[in-house]
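I have placed the structure first, in the form of structure tokens, so that the comments after it can refer back to it.
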Amino acid sequence: MIKLIVSDMDGTLLNSSKKISQKTSQAIKFAKTMGVDFTLATGRMYSSAAIFARQLNIDKPIIACNGALIKRHTSNEVLYEKSINYKTADLLYKVLEECGLYYHMYTQDRFFTKELKYTSLSYWNNNKTASDEDKIDIEVIEDFSNVCTEDYGILKFVAIEDEHPEKLLKARAMLADIEGLELSQSWHNNLEIMSENISKGNALKILAKECNISLSEIMAIGDQHNDISMIVEAGIGVAMDNAEQNVKKYANLVTSSNDEDGVAKAIMNLFK
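Right, dumping it as structure tokens:
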């Protein structure tokens with residue numbers, strides 16, 4: 665019997681407008697009345713995920729930064745955190761610079777970028793109308809060497825390139841030679857870099873232990889490469905219809921797309 669549903673956010677829980685549909689919200693509420701909890705496992709930084717956790721009244725810990733952080737938003741209790749070694753981070757950002765890539769990085773609640781573009785621009789614009797609690801702390805900096813220090817606790821780097829995918833391939837090859845890193849991706853145009861052995865799947869094991877349930881009692885839902893590890897670990901692994909074929913092949917079942925309430929349908933399917 666499934667006792668916990670763990671969902672990715674972008675391309676899964678959220679539709680193309682980056683919203684949770686009413687049908688999905690209602691399905692999550694219904695699951696809770698049936699004794700099945702719900703939480704998030706996302707590549708996003710914690711403070712961004714926490715916005716949606718508050719919307720859904722989630723009380724279970726949130727998996728953020730692809731598993732580099734597991735934290736309760738209700739109490740701010742950190743259950744697990746693994747940052748990138750600051751000396752490794754210094755080597756890492758220099759590789760991204762050499763490859764001519766846009767990149768940003770996260771701590772638990774701070775977002776560092778050299779320019780407002782992609783995710784940083786989206787957050788910046790959202791901040792204009794967001795409540796103080798929902799604002800993302802964005803810092804535009806010129807020199808990343810100033811934050812690649814022991815004090816900052818960098819959880820994740822993201823490099824993004826739309827026009828020249830060969831730059832991402834070059835960076836991936838160069839970063840593979842640096843010890844202590846885990847490479848993944850959450851979209852066709854990005855490269856995500858965390859500390860070694862960080863994945864949603866490994867985070868799911870920690871979460872299961874914390875919730876005193878087995879992995880077989882978890883349903884995990886996702887759509888991208890960084891979701892595969894948790895789809896495989898969970899008792900029921902669900903891929904979205906909009907997921908890449910490589911993700912679907914690891915899933916027990918495929919639900920509708922994120923614009924067709926796929927998460928809601930996967931949840932309600934449990935109670936048929």
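Heads up: the sequence shown begins at 665 in my numbering, then just goes up one per residue. Glycine included, C-beta positions come from ideal geometry on N, C-alpha and C.
If I measure Cβ to Cβ from Gly926 and keep anything under 7 Å in the same chain, skipping five residues before and after, which residues do I get?
Met904, Asp905, Thr919 and Ser920
Using a Cβ-Cβ cutoff of less than 6 Å, which residues in the same chain neighbour Asp723 once the five nearest sequence positions on both sides are dropped?
Thr738
So the beta strand (DSSP E) Lys735 belongs to, where does it begin and stop?
Leu733 to Lys735
Once you ignore the five residues that flank Met894 on each side, which residues in its own chain have a CB closer than 7 Å to its CB?
Val670, Ala705, Lys864, Gly865, Leu868, Ala884 and Gly886
Using C-beta distances below 7 Å, list every residue in its chain close to Trp892, excluding the 5 sequence neighbours before and after it, in chain order.
Per the sequence shown, residue 892 should be read as Ile rather than Trp. For Ile892, where only same-chain residues beyond five positions count, the Cβ hits under 7 Å are Val911 and Tyr914.
Name the one or two DSSP bridge partners that Phe776 has.
Met769 and Glu803
In chain order, which alpha helix (DSSP H) runs of at least 4 residues are fully inside the stretch 821-905?
829-839, 864-874 and 892-897
What does a CB cutoff of less than 7 Å around Lys831 pick up in its chain, not counting 5 residues either side in sequence?
Cys763, Gly764, Leu765 and Glu825
Could you please give me the residues that DSSP links to Val700 through a beta bridge?
Val700 pairs with nothing; no bridge assigned.
Relative to the C-alpha of Asn740, which residue among Phe775, Tyr710 and Ala898 is closest?
Tyr710
Check whether the Cβ atoms of Val822 and Asn790 lie closer than 7 Å to each other.
no
Glu745, enclosing beta strand (DSSP E) - first and last residue
Val742 to Glu745
In angstroms, rounded to a whole number, what distance separates the CA positions of Ile862 and Ser747?
10 Å
What residue does the beta strand (DSSP E) around Ala728 start on, and which one ends it?
Ile726 to Ala728
Opposite Ala705 in the DSSP bridges: which residues?
Ile727
Apart from the five residues just before and just after Ile900, which ones in its own chain have a Cβ nearer than 6 Å to its Cβ?
Met883 and Asn916
When Cys875, His768 and His828 are compared against Val811, the one with the closest alpha-carbon:
His768
Spell out whether any CB of chain D is found under 7 Å from the CB atom of Ile882.
Protein chains in the displayed structure number just one, and chain D is not present.
Excluding the five sequence neighbours on either side, which residues of its own chain have a C-beta within less than 6 Å of the C-beta of Met932, listed in chain order?
Ala691
Coil, strand or helix - Ser711 by DSSP
helix
Let me know the secondary structure DSSP gives Asp798 once reduced to three states.
helix
For Thr813, is the classification buried or exposed, using 16 other Cβ atoms within 10 angstroms of its Cβ as the cut-off for buried?
exposed
Could you have a look at Asp754 and say whether DSSP puts it in helix, strand or coil?
helix
Quick check on Leu668: does DSSP put it in helix, strand or coil?
strand
Return the Cβ separation of Ala728 and Ser859 in integer angstroms, given the expectation that the two are a contact with Cβ distance under 8 Å.
Contact flag wrong, Cβ pair sits at about 14 Å.
Just how far apart, CA to CA, sit Arg774 and Trp788?
13 Å
Out of curiosity, what's the CA-to-CA distance linking Ala753 and Arg836?
15 Å
On the DSSP letters alone, give me the boundaries of the alpha helix (DSSP H) that Ile931 sits inside.
Gly926 to Asn933
Rounded to the nearest angstrom, what separates Ile684 and Phe694 at their Cα positions?
15 Å
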